[in-house]
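Novice: All you need for this note's numbering is the position in the sequence shown, starting with 1, plus 73.
Glycine included, each C-beta is placed from N, C-alpha and C at the ideal position.
Because the structure is a prediction, the values reported are computed rather than measured.
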Amino acid sequence: CFQVDAQGKEVLVASLSEGMYFGEIALLTSKPRQATVRAKGPLKVLAIDRATFTRVFGSMDEIMKRNMEVYTKYAAQGI
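1. On the DSSP letters alone, give me the boundaries of the beta strand (DSSP E) that Val84 sits inside.
2. Out of Thr127, Gly131, Leu119, state which residue places its alpha-carbon closest to the alpha-carbon of Gly153.
3. List the endpoints of the continuous beta strand (DSSP E) containing Val77.
4. Residue range of the alpha helix (DSSP H) that Leu100 falls in?
5. When you compare the segment 93-106 with the segment 121-141, are there three or more beta-carbon pairs, one atom per stretch, that lie closer than 8 Å?
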């Protein structure tokens, strides 16, 4: 996952592996995407809208919000 820093340079902020997820900030907060994700090879992706996420994964909502605390360090770095 890449984000653009204050100088306009792309910075690697995370490397994801099998079973990991992205896009949760948009699902939980209605904010636009926070990073660009690029695959190094073939992959399968599940794309769901907010209503489906809430219906299927609603009980995970609080866990994912806790994980969002990690992202605040990136914001503090100006990324």
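Specialist: In terms of the structure at hand:
1. Start and end: 83-85.
2. Look at the range of the chain in this structure, 74 to 152, and you will see that residue 153 is not part of it.
3. Val77 -> beta strand (DSSP E) spans 75-77.
4. Start and end: 97-102.
5. Cβ pair count under 8 Å is three or more, so yes.
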